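Q: Numbering (the numbering used here), first residue to last: 14 to 157.
Don't be surprised by glycine CBs; every beta carbon is placed ideally from N, CA and C.
From a predicted model like this one, the values you see are computed outputs, not experimental measurements.
One structure, as structure tokens, below. Some questions next.
Right under this line is the structure:
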């Protein structure tokens, strides 16, 4: 399967990417010649990782009949100091809220397994990044 992304310069440092009919604008900060017209490209990679693993985890948890009221993914990417700058350390925090989640070892085990499956088997973005980045994760459970 081939993916085609068309990206067009919009002036200054801004670009617009067309993906499957959707438009995503990217830019950088004024100190790098941009106008803050959109997010920077590298954080969008972290966003792609969050979306990819999030979709996997939700799909797996639906099959395991784990119901939650909210789910948020926070990613902290640590950038190298020298060029080419890239994320050499990535930490993913999976935050779940649900009825009586805190201290529920059975729920935690199911969520942990879903995260492991995403990380090890399913998330293609994770697979692309793991060769250049140390990727770690944690799970936080909260009561609704």
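Under a Cβ-count criterion, where at least 16 other Cβ atoms within 10 Å of its own Cβ denotes burial, should residue 140 be classed as buried or exposed?
A: Residue 140 should be labelled exposed.
Q: Do the region 29 to 42 and the region 105 to 119 make contact, defined as three or more Cβ pairs closer than 8 Å?
A: Too few Cβ pairs lie closer than 8 Å, so no.
Q: From 126, 132, 153, pick the residue whose C-alpha is nearest to that of residue 66; which is it?
A: Among 126, 132, 153, the Cα nearest to that of residue 66 is on 132.
Q: Where do the N-terminal and C-terminal ends of the beta strand (DSSP E) with residue 121 fall, by residue?
A: Where residue 121 is concerned, there is no enclosing beta strand (DSSP E), although the alpha helix (DSSP H) it sits in stretches over 118 to 130.
Q: Reducing DSSP to helix, strand and coil, say where residue 101 ends up.
A: Strand.
Q: Note the first and the last residue of the continuous beta strand (DSSP E) segment covering residue 92.
A: 83 to 92 is the extent of the beta strand (DSSP E) around residue 92.
Q: Go ahead and pull the three-state DSSP assignment for residue 26.
A: In the structure shown, residue 26 sits in coil (DSSP, three-state: anything other than H, G, I, E or B).
Q: Please list, in chain order, all residues of the same chain as residue 42 whose beta carbon is under 7 Å from its beta carbon, the five residues on each side excluded.
A: Cβ neighbours of residue 42 beyond the five flanking positions: 49.
Q: Is it true that the CB of residue 157 sits closer than 8 Å to the CB of residue 112?
A: In this structure, residue 157 lies closer than 8 Å to residue 112 by Cβ.
Q: In the DSSP output, what is residue 163 paired with across the bridge?
A: The structure shown does not extend to residue 163, since the chain is modelled only from 14 through 157, so no value can be given for it.
Q: Take residue 79 as the anchor and find which of 71, 19, 129 has the nearest alpha-carbon.
A: Looking at the Cα atoms, 71 is the closest of the given residues.
Q: When you compare the CB positions of residue 45 and residue 26, do they come within less than 8 Å of one another, or not?
A: Yes. Within cutoff.
Q: Taking Cβ to Cβ, would you say residue 73 is nearer than 8 Å to residue 122?
A: Taking 8 Å as the Cβ cut-off, residue 73 and residue 122 do not qualify as a contacting pair.
Q: Taking Cβ positions, are residue 101 and residue 110 nearer each other than 8 Å?
A: Not in contact: residue 101 and residue 110 (Cβ atoms no closer than 8 Å).
Q: Among all the DSSP beta bridges, which residues are the ones paired with residue 68?
A: None; residue 68 has no bridge partner.
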